[in-house]
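Number of protein chains: 2
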Amino acid sequence: MAKSATNNARVLQGIGDDCAVLRPLGGQDLLVTTDFSLEGIHFRREWHPAESVGHRCLARGLSDIAAMGGEPAAVFLSLALPRDLPQRWVQGFLRGLIALAEKHGATLSGGDTAESPGGVLADIVVVGSVPKGKAVLRSGARPGDGIFVSGSLGGSAAAIVQLQKTPRLQKAPQKKIKPRDYLRHFFPEPRVGLGRILREKGLATAMIDTSDGLSTDLAHICEESCVGAVVQAELIPRAVVGEPAREVDLEVALHGGEDYELLFTAPEGKRVPARIGEVAITQIGAIARGRNIFLSERGVRRELVARGWQHFGLARS
Amino acid sequence: MAKSATNNARVLQGIGDDCAVLRPLGGQDLLVTTDFSLEGIHFRREWHPAESVGHRCLARGLSDIAAMGGEPAAVFLSLALPRDLPQRWVQGFLRGLIALAEKHGATLSGGDTAESPGGVLADIVVVGSVPKGKAVLRSGARPGDGIFVSGSLGGSAAAIVQLQKTPRLQKAPQKKIKPRDYLRHFFPEPRVGLGRILREKGLATAMIDTSDGLSTDLAHICEESCVGAVVQAELIPRAVVGEPAREVDLEVALHGGEDYELLFTAPEGKRVPARIGEVAITQIGAIARGRNIFLSERGVRRELVARGWQHFGLARS
Numbered sequence: 494m495a496k497s498a499t500n501n502a503r504v505l506q507g508i509g510d511d512c513a514v515l516r517p518l519g520g521q522d523l524l525v526t527t528d529f530s531l532e533g534i535h536f537r538r539e540w541h542p543a544e545s546v547g548h549r550c551l552a553r554g555l556s557d558i559a560a561m562g563g564e565p566a567a568v569f570l571s572l573a574l575p576r577d578l579p580q581r582w583v584q585g586f587l588r589g590l591i592a593l594a595e596k597h598g599a600t601l602s603g604g605d606t607a608e609s610p611g612g613v614l615a616d617i618v619v620v621g622s623v624p625k626g627k628a629v630l631r632s633g634a635r636p637g638d639g640i641f642v643s644g645s646l647g648g649s650a651a652a653i654v655q656l657q658k659t660p661r662l663q664k665a666p667q668k669k670i671k672p673r674d675y676l677r678h679f680f681p682e683p684r685v686g687l688g689r690i691l692r693e694k695g696l697a698t699a700m701i702d703t704s705d706g707l708s709t710d711l712a713h714i715c716e717e718s719c720v721g722a723v724v725q726a727e728l729i730p731r732a733v734v735g736e737p738a739r740e741v742d743l744e745v746a747l748h749g750g751e752d753y754e755l756l757f758t759a760p761e762g763k764r765v766p767a768r769i770g771e772v773a774i775t776q777i778g779a780i781a782r783g784r785n786i787f788l789s790e791r792g793v794r795r796e797l798v799a800r801g802w803q804h805f806g807l808a809r810s
Numbered sequence: 494m495a496k497s498a499t500n501n502a503r504v505l506q507g508i509g510d511d512c513a514v515l516r517p518l519g520g521q522d523l524l525v526t527t528d529f530s531l532e533g534i535h536f537r538r539e540w541h542p543a544e545s546v547g548h549r550c551l552a553r554g555l556s557d558i559a560a561m562g563g564e565p566a567a568v569f570l571s572l573a574l575p576r577d578l579p580q581r582w583v584q585g586f587l588r589g590l591i592a593l594a595e596k597h598g599a600t601l602s603g604g605d606t607a608e609s610p611g612g613v614l615a616d617i618v619v620v621g622s623v624p625k626g627k628a629v630l631r632s633g634a635r636p637g638d639g640i641f642v643s644g645s646l647g648g649s650a651a652a653i654v655q656l657q658k659t660p661r662l663q664k665a666p667q668k669k670i671k672p673r674d675y676l677r678h679f680f681p682e683p684r685v686g687l688g689r690i691l692r693e694k695g696l697a698t699a700m701i702d703t704s705d706g707l708s709t710d711l712a713h714i715c716e717e718s719c720v721g722a723v724v725q726a727e728l729i730p731r732a733v734v735g736e737p738a739r740e741v742d743l744e745v746a747l748h749g750g751e752d753y754e755l756l757f758t759a760p761e762g763k764r765v766p767a768r769i770g771e772v773a774i775t776q777i778g779a780i781a782r783g784r785n786i787f788l789s790e791r792g793v794r795r796e797l798v799a800r801g802w803q804h805f806g807l808a809r810s
């Protein structure tokens with residue numbers, strides 16, 4: 494389901510001229526998203542293998558395209574590297590990035606390179622498309638709509654919690670946790686196919702990807718839609734990660750970012766499948782009138798405060 | 494002439510959703526360019542006023558659009574800022590950037606913000622358009638074509654030469670040179686209107702902007718077009734800058750980057766005006782068979798080696 498079937502924009506001229514030249518299909522609106530991945534802020538070289546950094550860098554952009562119900566077409570990478578960075582690291586980074594791009598039918602079409610004043614600095618741009626007027630915005634949620642989330646939550650932040658338990662100076666702490674036990678952190682799969690299906694079937698009235706965490710991303714939907722929400726704590730699908738595998742804490746599922754799942758609302762009464770393709774879909778609550786967002790836990794309601802996701806800030810706070 | 498007359502792509506959804514949504518006009522190819530502006534590499538806060546940094550950041554991208562004969566539509570800014578950066582600096586930066594965007598009819602439509610691990614880090618994306626199949630590439634130069642350049646060369650690098658004469662530790666060295674005496678460095682005007690006219694009139698067979706300097710950018714055209722060139726040293730329009738004003742040295746005009754002039758080739762025998770709008774156009778040589786690039790000075794030919802532009806590297810080398 495991951496691979497985009499259509500060729501929604503031809504790349505006429507890629508790397509090697511002043512600009513890339515794309516020819517979009519007729520009848521399409523264009524989607525553009527841009528995301529920084531900065532060493533020390535979004536990743537650490539001692540924590541994240543080069544392939545993971547490249548993969549995550551692009552996953553951020555693809556996930557934004559997914560959240561509009563769109564399909565990616567072209568990728569642009571601005572990459573600044575420290576002078577002493579091993580070539581092997583760069584090759585691994587590009588391998589991770591290009592493998593994910595190919596999986597989604599997107600072409601690396603240009604970008605910029607520079608010497609970095611400090612650390613690896615990457616900025617990814619993804620250009621995609623969606624049929625005219627069909628982009629799923631954050632602003633379409635209405636009172637009574639169900640709130641749904643794909644996959645499970647907190648799996649990415651749980652890896653950060655583990656990584657932060659390792660003293661910074663210890664060599665190669667990533668060996669303490671294995672990427673395969675925390676795939677949603679090291680190699681998150683953006684939900685591009687799912688986003689497209691939700692858009693095609695008219696199931697999503699509003700949609701966002703959970704890059705900042707459920708509490709913050711739901712607040713974004715509510716703010717843009719001028720509505721409130723009630724979330725049932727017991728319904729939240731918590732990620733099962735680690736070795737031995739265990740379910741993440743509720744707080745991690747509520748506030749942990751970078752899961753790159755889709756959070757969307759669907760009209761009241763509309764049947765939403767429990768599974769679309771390989772991805773589980775779970776209703777976790779409903780949109781309400783007003784502007785408050787509540788969490789209901791064992792019958793007790795409390796305000797769900799948007800914590801914001803600070804990347805490495807979870808265990809610090 | 495700077496302002497784009499047409500509204501070539503409507504921004505349906507700007508800042509505030511997962512992606513920006515653009516609706517391009519029919520019959521257009523899309524242009525995308527991305528450029529880093531990194532503190533310590535592309536600018537220094539002690540040298541460049543905030544407005545100048547914002548202006549130059551965007552000028553790099555607009556100039557790439559100009560070099561394709563295109564028109565800018567939307568601008569995206571990824572901006573990472575150090576925690577202790579004064580708000581006043583950010584306001585100045587945005588003022589410089591937005592003023593230039595408005596002048597060229599481009600809309601700031603999204604981007605990303607992050608905390609910087611060190612220094613101000615900006616990546617600019619400009620999306621523009623050009624009528625289908627009409628983008629002016631680097632690869633269209635043919636033997637016999639004349640080589641032309643807009644404006645004058647070396648004015649930007651001359652500022653760097655002056656700035657580097659000031660010891661690094663001296664406070665506020667930018668007071669040593671006034672931005673108004675080196676406008677091409679501090680506030681370069683990208684040649685968007687000129688690029689469009691050259692494309693409309695079919696005057697340019699190949700085109701590039703002089704971001705890396707004449708010697709390097711001409712080498713790019715020759716490489717992509719599989720041709721050689723002969724440049725007449727006496728014909729090169731050298732910038733007149735400083736206080737008192739003086740003409741820059743030939744070496745600075747040959748190798749200094751970031752002038753953001755247009756370097757283009759025109760078919761042999763085609764009349765190219767000496768001035769288009771307010772911008773002087775000068776023939777400096779001709780495209781030749783083979784793959785060598787020569788500089789002819791007082792009748793003596795020597796190879797013109799592409800030096801590459803290293804931003805602050807000119808006076809270091």
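Those sequence lines, one after another, are chains Z and E. Each residue of the first sequence is one higher than the one before, starting from 494 at the first, in my numbering. Each residue of the second sequence is one higher than the one before, starting from 494 at the first, in my numbering. Ideal Cβ positions, reconstructed from N, Cα and C, are used throughout, including at glycine.
Distance, Cα to Cα, residue i vs residue j?
i                      : j                      : result
residue 692 of chain Z : residue 615 of chain E : 33 angstroms
residue 570 of chain E : residue 793 of chain Z : 43 angstroms
residue 494 of chain Z : residue 771 of chain Z : For residue 494 of chain Z, the predicted structure reports a pLDDT of 38, less than 50, and the residue's modelled location is therefore unreliable. A value from the coordinates is still provided. Straight-line Cα distance between these residues: approximately 8 angstroms.
residue 605 of chain E : residue 574 of chain Z : 20 angstroms
residue 530 of chain E : residue 648 of chain Z : 35 angstroms
residue 532 of chain E : residue 612 of chain E : 6 angstroms
residue 578 of chain E : residue 764 of chain Z : 50 angstroms
residue 754 of chain E : residue 755 of chain Z : 45 angstroms
residue 666 of chain E : residue 537 of chain E : Residue confidence for residue 666 of chain E is low, a pLDDT of 48 falling below 50, so the modelled location carries little weight and cannot support an answer.
residue 625 of chain Z : residue 779 of chain E : 47 angstroms
residue 752 of chain Z : residue 655 of chain E : 50 angstroms
residue 742 of chain Z : residue 700 of chain E : 58 angstroms
residue 563 of chain Z : residue 686 of chain Z : 9 angstroms
residue 635 of chain E : residue 783 of chain E : 11 angstroms
residue 657 of chain E : residue 733 of chain E : 19 angstroms
residue 512 of chain Z : residue 629 of chain E : 10 angstroms
residue 738 of chain Z : residue 674 of chain Z : 8 angstroms
residue 798 of chain E : residue 786 of chain E : 8 angstroms
residue 587 of chain Z : residue 620 of chain Z : 18 angstroms
Can you check which of these residues, the options, is closest to residue i by C-alpha distance?
i                      : options                       : result
residue 627 of chain E : E:549, E:789, E:558 and E:554 : E:558
residue 801 of chain E : E:768, E:737 and E:704        : E:704
residue 523 of chain Z : Z:545, Z:676, Z:503 and Z:699 : Z:503
residue 796 of chain E : E:804, E:766, E:549 and E:708 : E:708
residue 773 of chain E : E:646, E:516 and E:578        : E:646
residue 768 of chain E : E:560, E:781 and E:642        : E:642
residue 727 of chain Z : Z:702, Z:737, Z:788 and Z:687 : Z:788
residue 525 of chain E : Z:519, Z:535 and Z:566        : Z:566
residue 713 of chain Z : Z:651, Z:729, Z:633 and Z:658 : Z:633
residue 791 of chain E : E:749, E:729, E:760 and E:651 : E:729
residue 680 of chain E : E:550, E:506, E:507 and E:509 : E:550
residue 775 of chain E : E:587, E:638, E:644 and E:556 : E:644
How far does the alpha helix (DSSP H) with residue i in it extend, from its first residue to its last?
i                      : result
residue 657 of chain E : 648–657
residue 592 of chain E : 580–596
residue 794 of chain Z : Taken as a continuous stretch (DSSP letters only), residue 794 of chain Z belongs to no alpha helix (DSSP H), being part of the beta strand (DSSP E) at 793–796.
residue 743 of chain E : 743–748
Considering residue i, what are the terminal residues of the beta strand (DSSP E) in which it resides?
i                      : result
residue 572 of chain E : 564–574
residue 608 of chain E : 600–608
residue 702 of chain E : 699–702
residue 723 of chain Z : 721–725
residue 778 of chain Z : 772–781
residue 679 of chain E : Here residue 679 of chain E belongs to no beta strand (DSSP E); instead the alpha helix (DSSP H) covers 676–679.
residue 685 of chain E : Residue 685 of chain E -> not in any beta strand (DSSP E); alpha helix (DSSP H) instead, spanning 685–693.
residue 789 of chain E : 786–790
Interface residues of chain E around residue i at Cβ under 8 angstroms?
i                      : result
residue 604 of chain Z : 527
How would you list, in chain order, the residues of chain E whose beta-carbon sits under 9 angstroms from the beta-carbon of residue i?
i                      : result
residue 569 of chain Z : 525, 526, 527 and 618
residue 701 of chain Z : 510 and 511
Per DSSP, residue i forms a beta bridge with which residues?
i                      : result
residue 616 of chain E : E:529 and E:571
residue 522 of chain Z : Z:623
residue 639 of chain E : E:759 and E:779
List, in order along the chain, the chain Z residues whose C-beta lies closer than 7 angstroms to that of residue i?
i                      : result
residue 505 of chain E : 522
residue 633 of chain E : Within 7 angstroms Cβ-Cβ: nothing; residue 633 of chain E doesn't reach chain Z, min ~11 angstroms.
What does residue i reach in chain Z if we use C-beta pairs closer than 8 angstroms?
i                      : result
residue 534 of chain E : 573, 607, 608, 609 and 610
Starting from residue i, find everything on chain E with Cβ-Cβ shorter than 7 angstroms and list it in chain order.
i                      : result
residue 537 of chain Z : The contacting residues do not exist; residue 537 of chain Z stays about 10 angstroms from chain E at best.
residue 558 of chain Z : 512
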